[in-house]
Every structure is written in structure tokens, then in C-alpha cells.
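J.: Heads up: the sequence shown begins at 3 in the numbering used here, then just goes up one per residue. Glycine is no exception: its CB is placed at the ideal position from the N, C-alpha and C atoms.
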Amino acid sequence: MKILVTGGAGFIGSNFVFYMMEKHPDYDIVVLDKLTYAGNLETLESVMKNPHFKFVKADIADRDAVFDLFEQEKFDVVVNFAAESHVDRSIEDPGLFLTTNILGTQVLMDACRKYGIGRYHQVSTDEVYGDLPLDRTDLFFTEETPIHTSSPYSASKASADLLVQAYHRTFGLPVTISRCSNNYGPYHFPEKLIPLIISRALADESLPVYGTGENVRDWLYVEDHCAAINRILEDGREGEVYNIGGHNERTNLQVVKTILKQLGKPESLITFVTDRAGHDLRYAIDPAKMMNELGWQPTTTFDEGIRRTVEWYLDNESWWKSIISGDYQNYYERMYAER
Ligand code: NAD
Ligand code: TDX
Numbered sequence: 003m004k005i006l007v008t009g010g011a012g013f014i015g016s017n018f019v020f021y022m023m024e025k026h027p028d029y030d031i032v033v034l035d036k037l038t039y040a041g042n043l044e045t046l047e048s049v050m051k052n053p054h055f056k057f058v059k060a061d062i063a064d065r066d067a068v069f070d071l072f073e074q075e076k077f078d079v080v081v082n083f084a085a086e087s088h089v090d091r092s093i094e095d096p097g098l099f100l101t102t103n104i105l106g107t108q109v110l111m112d113a114c115r116k117y118g119i120g121r122y123h124q125v126s127t128d129e130v131y132g133d134l135p136l137d138r139t140d141l142f143f144t145e146e147t148p149i150h151t152s153s154p155y156s157a158s159k160a161s162a163d164l165l166v167q168a169y170h171r172t173f174g175l176p177v178t179i180s181r182c183s184n185n186y187g188p189y190h191f192p193e194k195l196i197p198l199i200i201s202r203a204l205a206d207e208s209l210p211v212y213g214t215g216e217n218v219r220d221w222l223y224v225e226d227h228c229a230a231i232n233r234i235l236e237d238g239r240e241g242e243v244y245n246i247g248g249h250n251e252r253t254n255l256q257v258v259k260t261i262l263k264q265l266g267k268p269e270s271l272i273t274f275v276t277d278r279a280g281h282d283l284r285y286a287i288d289p290a291k292m293m294n295e296l297g298w299q300p301t302t303t304f305d306e307g308i309r310r311t312v313e314w315y316l317d318n319e320s321w322w323k324s325i326i327s328g329d330y331q332n333y334y335e336r337m338y339a340e341r
């Protein structure tokens, strides 16, 4: 079995590589990653020398590079994590989100059509469903909830999902799509809420909370997301969408206060700042299909997951400090300049 993991130098992609290499040590895994600001090759250092692992630096929207790789490697499965993933950046500059998230997806699927594939899996997000009201805690996103996007990021992810479904219907491409809630855990880039709060609190810096901090996110420990994708690859039905989430809803303020408590830092660090434009109020996933059809269950509670995550950031200061200082961006040149 040979799997192409795009975006494997990012947060969830790298955790997926580690999960799969442990679960299926005989699988061959090729990571294709452009190493944007969000990709960090140091994250993959522990698997770099494994004979079942290979890293390729390329852009999923670069048709020639992608087609060359498919011709050489003959993949059985593609899992597409590669994306511009930060909502705030999509508000600053939407263009790159459209190129990578939509056109990049098209290039990968065109390569699958030309060279053949057992399964193309698109890693999507619950943000394609828009948001739910704060005062209707009885409502959840199901796979039938209409697409209704808020940010350029979510619009680009939803566009890609529609294209994936069109390639299934029109060309018979064997696809699956997963839509997961907010992930957290090791190797999360420190621009996102949880790692941003941990790293800034450790430096006794102010903690920016958007608006009133009452917006709700549904948090899932990253390893549970990886396990769910593995189950979809094993037994998921072609053409289907699977929602992934673990019923761990928290307001942003609750999340920030939980982290401060664990770190023994004062709540006076919290600073309310101007709200995000178009800020989604509440995300909440109904994961019944994953559970009933594929027998998947999340295994990490929020309390346990956040404890492990904070510990990981305490134990791996060099990883996130080199990101904050910008040093990690020279890593590829340092490692590969002579090769
Ligand atoms: P991330 O930003 O940490 O990583 C993205 C990776 O993709 C990086 O390694 C980056 O270098 C790479 N990349 C970006 N553009 C590329 C391109 N044009 N060609 C090749 N590689 C490129 O993102 P993440 O949080 O790990 O998210 C991974 C996927 O999961 C994304 O598709 C995202 O939409 C989805 N998702 C994320 C979450 C979450 O909470 N983080 C939740 C649900 C779904
Ligand atoms: O400084 C901050 N202060 C703040 O209050 C940041 C960075 C965020 N927030 C709020 C905005 C959100 O309500 O915290 C919440 C979480 O924000 P992000 O970490 O930026 O995540 P979110 O916008 O919810 O999107 C994430 O989950 C879905 C990922 O980044 C997406 O890639 C994924 O699809």
C-alpha cells in the first residue's frame, strides 16, 4: 500500500503520518508539501530516515510536478491535507486560498484520473456548514446540513468539496470526504487559538480573545481525527461525506481559562480585542454516521487532551520557539542545500 499524504509537514498531516506509520508499519508513505510558512520539516525528522517514508517538496497546484510524482510513484491512496488553513489570513488575502484549496484539489484529482487511484480522500472541515446559533444547543451539523460558508477560507474548502463530489459523479473517481471539527494537540501552529494562548501565556504576554469570547468551538484531539480518517480509508463508502467530532463544545473563554489554570498563570492576561470579521458563532458536529457506520469513537476527553497538549508545548519549547523566531523556515535549505 502506497499513500500520498499532501500537507504532511503541517499540524494534522504530520500527526496522520505518525499515526499511520505506527498502525501500518508496512505501508509506504510519501509526503508532498510546499513548505509554506505552516509547513515545518523538523516536525517530520523522526520518520525522515524510515525506508517506508519519503518527502517531496512541491506545490499541489503545480500540475507538472504533481503529474511527474504520480507517474513515478503509482499511489494506491491519496489523502489531501494540503491547504491554506487559517481563517484570519483568508480575510487578509483570499487569493492564495482559492489557488491552493480549490485549484490544488483539482490538480490532485486530475492526476488520480490519469494515473489511477484506489481512493482519493479530501480532508475538509465543519466550517463548510457555516455556524449555529449560540442559544440553540439542540442543533448540530449532520452530513445533510446545507453548505453555507462565512469566510474566504470556508468558501474555498466548500468549493473543493463540491468539486470532489463532481469528480465522483461525472468521472467515477473513488472519493471520500471528511468534515472535522477544531483539532488540537502536538505540532499545532502557534497562530491558532490553543497554541497561541499557551505560548503567549508562558511569556506572560497579553492573550487576545476576539469579541466577548463567547463563540463556541467543538474540539477534537488530533489523534482521534487521524484514527477516523484511517477508518474511512478502510471501510468508508465511495462518494460519501463523514462528519468527525467528539461533542467537546467549549466557549473560547473557557478554553483560555482552562489553559491558564494548568499553567498557573493569571486571568488578568486575557485581553478582549476587536472581533474577527464574519466570526462564526458556534460549531457542533453530530458524529453519529462515523460511529454507527464505521464504529469510530473518540478516545481522548477534552480535559485529558488539553492536559497532554499543554505538557507537549512545555516539553517541546524549541519546536514552537523556532517557529516564533522564524528559524524553522531555513531548515529545508540547511538540510537540502547540499543534496
Ligand atoms: P496547517 O496549516 O497546519 O498545514 C497545512 C500544510 O499544507 C502545511 O504543511 C503547508 O506547508 C502545506 N501546504 C499549504 N499549501 C500547500 C500547497 N499549495 N501545496 C502543498 N502543500 C501545501 O493545517 P492543518 O491544521 O494541519 O489542516 C490540515 C487540513 O485539515 C486542511 O485541509 C484543513 O482545512 C483541514 N482541517 C483543519 C482543522 C483544524 O482544526 N486545524 C479542522 C478541520 C479540518
Ligand atoms: O487570537 C485569537 N483569538 C481568538 O479569540 C485566535 C487566533 C482565535 N480566536 C478565536 C476565533 C475562533 O472562534 O478562537 C476560535 C478558534 O480560532 P482558530 O484557532 O483560528 O480556529 P478556527 O477559526 O475555529 O478554525 C480552525 O478550525 C477549523 C482551523 O484553523 C481551520 O483550519 C479548521 O477548518
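#1: Note down, in chain order, each residue of its chain lying with its Cβ closer than 7 Å to the Cβ of Arg309, except the 5 sequence neighbours on either side.
#2: So, are the CB atoms of Ile261 and Val211 less than 8 Å apart?
#3: Can you say whether Pro154 is buried or exposed, counting buried as having 16 or more other CB atoms within 10 angstroms of its CB?
#4: Give a yes or no on contact between the stretch 60–75 and the stretch 34–43, applying the rule of three or more CB pairs nearer than 8 Å.
#5: For the ligand NAD, is there a heavy atom less than 7 Å away from the beta-carbon of Ala84?
#6: Check whether the Cβ of Val166 lies closer than 7 Å to any heavy atom of the ligand TDX, and answer yes or no.
#7: Got a sec: does the ligand NAD put a non-hydrogen atom nearer than 7 Å to the Cβ of Leu195?
#8: Looking at Val80 and Lys105, is the spacing between their C-beta atoms short of 8 Å?
#9: Hey, quick one: how far does the beta strand (DSSP E) through Gln124 stretch, first residue to last?
#10: First and last residue of the beta strand (DSSP E) that includes Trp221?
#11: Taking Pro301 as the reference, give the member of Val19, His227, Val257 with the closest Cα.
#12: If the criterion is Cβ atoms closer than 8 Å, does the pair Gly41 and Ala11 meet it?
#13: For Asn282 and Leu296, what's the separation of their Cα atoms in angstroms?
#14: Do Leu136 and Glu251 have their C-beta atoms within less than 8 Å of each other?
#15: Looking only at C-alpha atoms, which of Thr151, Leu164, Met23, Lys76 sits nearest to Glu242?
#16: Please confirm whether Leu134 and Arg278 have their CB atoms less than 8 Å apart.
#17: Flag this pair as yes or no: are the beta carbons of Phe143 and Ala286 separated by less than 8 Å?
#18: Assuming Thr127 contacts Cys182 under a Cβ cut-off of 8 Å, what Cβ separation, rounded to an integer in Å, is found between them?
#19: Excluding the five sequence neighbours on either side, which residues of its own chain have a C-beta within less than 8 Å of the C-beta of Asp64, listed in chain order?
#20: Can you tell me where the beta strand (DSSP E) with Leu209 in it begins and where it stops?
#21: Considering only their Cβ atoms, is the gap separating Tyr244 from Ser161 smaller than 8 Å?
#22: Using a Cβ-based criterion (distance less than 7 Å to any ligand heavy atom), does Asp35 qualify as near the ligand TDX?
#23: Does Phe55 pass the burial test, meaning 16 or more other C-beta atoms within 10 Å, or should it be called exposed?
T.: On the basis of the coordinates in this document:
#1: Gln264
#2: no
#3: buried
#4: yes
#5: yes
#6: no
#7: no
#8: Sequence check: residue 105 is Leu here, not Lys. No, these two residues do not count as a Cβ contact at 8 Å.
#9: 121–127
#10: 218–223
#11: The sequence as given places Thr at residue 301; Pro does not occur at that position. Ranking Val19, His227, Val257 by Cα distance to Thr301 puts His227 first.
#12: yes
#13: A quick correction: the sequence has Asp, not Asn, at residue 282. About 29 Å.
#14: no
#15: Leu164
#16: no
#17: yes
#18: 6 Å
#19: Val109
#20: 209–212
#21: no
#22: no
#23: buried
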